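Heads up: the structure comes next, in structure tokens.
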Amino acid sequence: MVVERERKRLDREREREKERDEREREEKGVGGDRERKKGVIHVTGRLRIRMALTHSRAVPSQVMGMVVVAHALPPPTINEVRIDCQMFVTRVNMDLKIVYCENR
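Just so you know, we're using numbering that gives the first Met the number 0 here: the sequence shown kicks off at 0 and counts up by one.
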């Protein structure tokens, strides 16, 4: 009986310590949703196009894919990236599906 009560008391203490540690991590920004921060990635690349090799008629070229190089930009110090006429801005989710594309 005494051993069982002591075991329950220790279990409650461990639970309290666990909850306290989780609260401290949340306040410090370690773990959980606060650790996930948004970043800016500068991507440059080209569309890969399969050229049609017919002499008789005009056949539209087929887009095979896009080859890109991505660089993570450092946080807050860079707020703007100059965009020339051949660049565009997109937003993608973690699956690399386009969520937003600038209409130029």
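Note that beta-carbon positions come from the ideal geometry of N, C-alpha and C, so glycine has one too. All values reported here derive from a predicted model rather than from experimental measurement.
Here E101 has F87, V88 and T89 as same chain residues with Cβ atoms under 8 angstroms from its own Cβ, once five neighbours each way along the sequence are excluded.
For L72, the beta-bridge partners assigned by DSSP are V39. Assigned with DSSP and collapsed to three states, R49 falls in strand. For R90, the secondary structure class from DSSP, reduced to helix, strand or coil, is strand.
In chain order, M65, V66, V67 and V68 place their CB closer than 8 angstroms to the CB of G44, counting only its own chain and leaving out the 5 sequence neighbours on each side. Between M63 and A71, the alpha-carbon positions lie close to 26 angstroms from each other.
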